[in-house]
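Chemist: Take this structure first; my questions come after.
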Amino acid sequence: MPKVYLHQEGLYSDITHYISKITWAGGKSQVARRLELDLINSVLDKNIPDIYIKNGSMLKLFNDDGKLLFKGFVFLNSKSGQNSTVNVVAYDHLIYAIKNRGVYNFKKKTAEEMTRTICNDFSIPIGNIAKTGIKQDIKANNKYIYDIFMSAYTGASKQNNKKYMAKIRDGKLDVIEIGSVMSTFMLSDESNIMDSGYTESIENMVNRVRIYDGKGNAIGMVENAEWIKKYGVLQNIYTKEKDKSANTVAQSMLVDVQKTVHVTALGYVDCVTGNGVQLKDSASGLTGVFYIDSDTHTWSNGQHIMKLNLNFKNIMDEK
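Just so you know, we're using UniProt numbering here: the sequence shown kicks off at 1 and counts up by one.
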C-alpha cells in the first residue's frame with residue numbers, strides 16, 4: 001500500500017497504518033483528481049486512536065518508491081457507527097478552478113497566456129502549460145475559471161486539431177496535449193487484465209457540419225459521405241468565428257464511431273487519465289495504443305486494482 005501523510009495544525013503525520021482502503025481517481029469529466037480514504041475507527045478499542053481529519057487539511061499520497069501521486073485538500077469527512085470507518089475525501093488543486101468564478105475579457109491572447117493570467121489571479125501554482133501560439137478573443141462573464149481557460153484551449157484545438165487536458169502534477173497546474181505521455185505498462189489478458197468489455201456507439205456521431213455566417217446565411221458544408229451512407233445524416237451547425245478557418249473548425253467537429261474499452265486490471269500508477277497505454281486483449285481482439293478517459297485505482301487487502309475506461313481516439317473536455 002502507498003503512503004499517506006496528513007498535514008494538519010502544523011503537524012505532519014504518516015497515517016497509512018490506520019487506513020483500510022485507498023481510492024485514487026480521475027477522469028475527463030471529473031476534472032479534479034479525488035483521493036478517498038477509509039480509516040479504521042473503533043471507540044471500543046483503545047489501541048486504535050480516534051483520528052479526526054478536518055476539512056481543509058492537506059493530504060499527500062506517495063507511491064512505494066516515494067513518488068508524489070496526489071497532493072490535495074480535504075473537502076468531506078464522515079463517521080458512522082461505533083465499529084465502522086471514518087471516510088475522508090480530498091481533491092487536488094484543480095478543485096479551485098472548478099469552484100471559483102471569474103469575469104474576463106481577453107483580446108488577442110493565446111490560451112497559454114490566458115491560463116497564466118487566470119492562475120496568477122487565483123494563486124494556482126503553474127507548471128508546464130502547453131503552447132498553442134494561436135491568438136483568440138475570449139469574453140467570459142461569471143464563468144468557472146476552469147471553463148474559461150479550457151474554452152481557450154478548445155478554440156485552439158478547433159484550429160490545430162490537438163486535444164488538451166488540465167491536470168495537477170506535483171501540486172502545480174499542467175495543461176498537456178492528450179496522449180503526449182505514454183505509459184510503459186502493457187495491458188494484457190495474459191498477465192494483468194482481470195476483466196474487459198468493448199463498446200461501439202454512434203450516439204455522438206456528427207457526419208455533416210453546415211457552416212453559416214453571423215447573419216444566418218449558409219456559406220459552406222463539410223461532411224463524410226461514407227458515414228452518411230452507413231448511418232444516415234447526423235448534422236451539426238457551425239457559425240463562422242472571426243480569425244478562424246471555418247472549414248478547419250467544421251472539419252474538427254465531425255465525430256466518428258466512438259469505440260471504448262473498459263478494463264479491470266492489476267494496478268499501475270502511470271495509468272492515469274490523459275496518458276496513452278498499450279493494450280493486448282485476445283478476448284476482444286483489440287491490440288494497440290488507447291487513451292485513458294478515466295481511471296480508478298484502489299488499494300485494499302494488500303492488492304492494487306485499477307479500473308480504466310479507454311478510448312481509440314483522443315477526446316477532449318471541450319468548453
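C-beta atoms are modelled at their ideal positions from N, C-alpha and C, and glycine is treated no differently. Small disclaimer: the values here were computed from a predicted structure and weren't measured.
Taking only the alpha-carbon atoms, compute the straight-line gap between D174 and I305 and give it to the nearest angstrom.
Modeler: Here residue 174 is taken as the residue at index 174 of the sequence shown, counted from 1. Here residue 305 is taken as the residue at index 305 of the sequence shown, counted from 1. C-alpha separation (whole angstroms): 26 Å.
Chemist: Return the first residue and the last residue of the beta strand (DSSP E) that E177 is part of.
Modeler: The residue labelled residue 177 in the question sits at position 177 within the sequence shown. Run containing E177: 172-177, per the beta strand (DSSP E) assignment.
Chemist: Looking at V263: is its Cβ nearer than 8 Å to the Cβ of N236?
Modeler: As a first step, residue 263 is located in the sequence shown; it is residue number 263 there, counting from the start. As a first step, residue 236 is located in the sequence shown; it is residue number 236 there, counting from the start. No; because the gap between Cβ atoms is not below 8 Å, this pair is not in contact.
Chemist: From G133, Y96, I98, G26, pick the residue whose C-alpha is nearest to that of M114; which is it?
Modeler: Your numbering for residue 114 matches position 114 in the sequence shown. Checking every option, the nearest Cα to that of M114 belongs to G133.
Chemist: Could you tell me which residues DSSP puts in a beta bridge with F149?
Modeler: Residue mapping note: residue 149 aligns to position 149 of the sequence shown, counting from 1. Paired residues: none, contrary to the question.
Chemist: If contact is defined by three or more beta carbon pairs under 8 Å, each pair taking one atom from either stretch, is the segment 102-111 in contact with the segment 83-93?
Modeler: No, the segment 83-93 is not in contact with the segment 102-111.
Chemist: Between the segment 254-269 and the segment 186-206, can you find at least three pairs of beta-carbon atoms closer than 8 Å?
Modeler: With the cut-off at 8 Å, the segment 186-206 and the segment 254-269 touch.
Chemist: Kindly indicate the opening and closing residues of the beta strand (DSSP E) around I22.
Modeler: In the sequence shown, residue 22 corresponds to position 22, counting from 1. It spans 19-27 - the beta strand (DSSP E) in which I22 sits, taken as one unbroken run.
Chemist: Which of helix, strand or coil does DSSP assign to V249?
Modeler: On the sequence shown, position 249 is the one that residue 249 refers to. Note: V249 maps to helix in three-state DSSP.
Chemist: Would you check if the segment 241-259 and the segment 211-221 touch, i.e. whether three or more CB-CB distances between them fall below 8 Å?
Modeler: Yes, they touch.
Chemist: R208 bridges to which residues according to DSSP?
Modeler: On the sequence shown, position 208 is the one that residue 208 refers to. For R208, which the question treats as bridged, DSSP gives the partners E223, Q235.
Chemist: Output the distance between the C-alpha atoms of L26 and F75, rounded to the nearest integer angstrom.
Modeler: Against the sequence shown, residue 26 aligns to sequence position 26. Against the sequence shown, residue 75 aligns to sequence position 75. In the sequence on display, residue 26 carries Gly and not Leu. In a straight line, the C-alpha of G26 is about 16 Å away from that of F75.
Chemist: Could you spell out where the beta strand (DSSP E) holding A130 opens and where it closes?
Modeler: Mapped onto the sequence shown, residue 130 falls at position 130. It is not in any beta strand (DSSP E) - A130 carries neither H nor E in the DSSP assignment.
Chemist: Would you give the residue range spanned by the beta strand (DSSP E) that D213 belongs to?
Modeler: In the sequence shown, residue 213 corresponds to position 213, counting from 1. Segment: none, D213 is in no beta strand (DSSP E) and carries neither H nor E.
Chemist: DSSP three-state label for I95, please.
Modeler: For this step, residue 95 is matched to residue 95 along the sequence shown. Helix, per DSSP.
Chemist: Tell me the residue span of the beta strand (DSSP E) that contains A166.
Modeler: Counting from one through the sequence shown, the residue named residue 166 turns up at place 166. 164-169 is the extent of the beta strand (DSSP E) around A166.
Chemist: What residues are listed by DSSP as bridge partners for E200?
Modeler: Stepping through the sequence shown from its first residue, residue 200 is reached at position 200. Answer by DSSP bridge pairing, in chain order: K259.
Chemist: Do the segment 275-287 and the segment 177-190 meet, that is, are 3 or more Cβ pairs less than 8 Å apart?
Modeler: Counting Cβ pairs under 8 Å, three or more are found: they touch.
Chemist: According to the Cβ coordinates, are Q8 and I53 closer than 8 Å?
Modeler: On the sequence shown, position 8 is the one that residue 8 refers to. On the sequence shown, position 53 is the one that residue 53 refers to. Taking 8 Å as the Cβ cut-off, Q8 and I53 qualify as a contacting pair.
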